[in-house]
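Take a look at the structure below.
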Amino acid sequence: MTSRSFWRLALLLALFAVAVPGRIALAQERGASLVAEGTSTMTVGGQRVAAARQQETVTLGGAGFTAGEFIGLWITLPDGSVVGLDDDDLRAAEDGMFVVELGLGPALPVGLHRFSARGQRSGSGAIVPFYLMPGRGPNTTEGTSLMFSPATARQLDTVEVSGMGFRANETVSLWLTLPDGSVVSLGEVQADATGAVTGSLFLPGALPVGRHFFTARGIESGSTAITPFVLQYGNGLNVPGARLAADLGRAPQRSVVALEIAGKSFAPGESVSFWLTLPNGSVLALGEAHAEANGNLSLELYLDESLPTGTHYLSFRSNRSEQGGFLRLFLAPGPQEPGQE
């Protein structure tokens with residue numbers, strides 16, 4: 441059995457999911473089969489699928505591949521984005537089978553995922569669904585508290601965090617649980633002689649909007665405090681009100697969109713900054729382009745499979761003439777069958 445880490449990964453169906461006994465889910469297509477075994481199973485939309493919690497493991501078994509061929513392995517997340525899992529080192533045995541164990545890190549979002557495998561020589565492949573449940577986080581400790589000020593903040597703001605009730609001078613681990621259930625580590629701080637911790641936290645634009653939970657846990661004492669806060673869109677162009685955005689229509693993952701922007705008064709050669717706001721409200725900086733001598737701008741945007749499906753907003757702002765605007769795009773799923781990417 442091959443074992444590899446899945447910790448590197450930096451809810452809509454939950455209402456329809458019911459836990460049932462059993463462990464195995466199976467999918468077969470294009471001449472191969474793929475089996476997922478978790479710690480339990482769920483029934484999602486009438487289909488029984490393997491399931492496990494964050495920080496547990498899932499075992500994948502494949503059959504029907506060519507002996508000795510390399511296997512491409514990837515996962516499609518609940519939002520439709522795709523993450524590669526193999527390092528070009530997963531191979532089928534002489535009988536055309538493989539088994540690999542994956543650790544389900546806390547950074548992986550909760551929801552229905554799909555594992556895909558494809559033989560790089562034979563083209564045989566299969567897809568199997570898998571449901572990831574929230575991990576069992578620590579319970580709060582009486583006498584330990586955590587405050588987040590202000591309780592509602594915007595992307596790009598800096599907020600103050602303070603806690604008390606920890607052991608004197610102990611190391612305190614900090615992390616953030618995002619709205620989709622994934623977890624981001626914030627490192628460690630040291631409590632003072634009274635057991636208190638204080639600090640400032642910058643909220644980058646890449647954090648999704650919505651309700652987050654900030655957790656602090658003493659390494660020695662185990663004392664834990666959790667506090668919620670709501671993250672709103674950052675200062676700048678207000679995406680929820682972008683009804684005037686020009687509509688680019690639909691495009692699939694793994695495609696290229698050509699943009700022609702006619703600026704009323706872009707200065708010749710001036711730089712224009714671009715950002716992409718994802719469906720969950722997080723923001724990706726795309727860098728800069730330069731206007732042409734006539735004040736217009738042309739560029740191409742590659743829609744990578746790591747981008748989630750749904751409605752995106754491409755915003756731009758010229759850095760000298762200070763013009764800005766929105767372009768709206770609906771990103772559809774790319775090819776789903778192995779071998780068609």
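The numbering of the sequence shown is my numbering, which starts it at 441 and goes up by one.
Note that CB positions come from ideal geometry on N, CA and C, so glycine has one too.
Straight-line spacing of the CA atoms in T497 and E700 works out to 47 Å. Nearest neighbour of L474 by Cα position, chosen from G662, P668, I567, F510, turns out to be I567. With fewer than 16 other Cβ atoms inside 10 Å of its own Cβ, Q487 counts as exposed. The region 545-555 makes contact with the region 615-634; the number of CB pairs closer than 8 Å reaches 3 or more. When C-beta atoms of the region 759-774 are compared with those of the region 686-697, three or more pairs fall below 8 Å, so the two segments count as touching. Counting of Cβ neighbours within 10 angstroms places F642 among the exposed residues, the total staying below 16. Within the region 512-569, the runs of beta strand (DSSP E) at least 3 residues long that lie entirely inside it are, in chain order, 522-524, 538-543, 551-559. Within the region 562-614, no run of alpha helix (DSSP H) reaches 4 residues while sitting entirely inside it. Counting along the chain, the unbroken beta strand (DSSP E) around L737 starts and ends at 736-743. Ranking T717, P708, A533 by CA distance to the CA of H730 puts P708 first.
Here F510 is near R531, since their CB atoms are less than 8 Å apart. A Cβ-Cβ separation of about 16 Å leaves F706 out of contact with L754 under the 8 Å criterion. Taking 8 Å as the cut-off, the Cβ atoms of G565 and P748 do not count as close.
Between E628 and V612, the C-beta spacing is below 8 Å. Within the DSSP secondary-structure output, L724 pairs in a beta bridge with L716. No Cβ-Cβ contact shorter than 8 Å links L542 with V484. The Cβ atoms of R493 and M573 lie closer than 8 Å to each other. Distance from H752 to L716 at the Cβ level is roughly 6 Å; contact confirmed, criterion being Cβ atoms closer than 8 Å. Beyond the five residues adjoining it in sequence on each side, V723 comes within less than 8 Å, by CB distance, of Q595, G645, A646, G674, W715, L716, T717 in the same chain, given in chain order.
Excluding the 5 residues flanking it on each side, Q560 has same chain C-beta neighbours closer than 8 Å at E509, F510, I511, G512, in chain order. D535 and G502 have their alpha carbons spaced roughly 11 Å apart.
Counting along the chain, no beta strand (DSSP E) covers R760, and no H or E run does either. In this structure, DSSP gives V649 a state outside helix and strand, which the three-state scheme calls coil.
Nearest to V522 by alpha-carbon distance, out of F766, Q763, L743, is L743. Within the same chain, A457, M482, V484, V489, A491, L552 come within 7 Å of Y571 by CB-CB distance, once the 5 residues on both sides are set aside. The three-state reading of DSSP puts G621 in coil, since its state is none of H, G, I, E or B.
Less than 8 Å separates the beta-carbon of T592 from that of Q672. When C-alpha distances from T598 are compared across M604, G605, S589, the shortest belongs to S589. According to the DSSP assignment, L474 belongs to the beta strand (DSSP E) that extends over 472-477. Beyond the five residues adjoining it in sequence on each side, A633 comes within less than 7 Å, by CB distance, of A608, N609 in the same chain, given in chain order.
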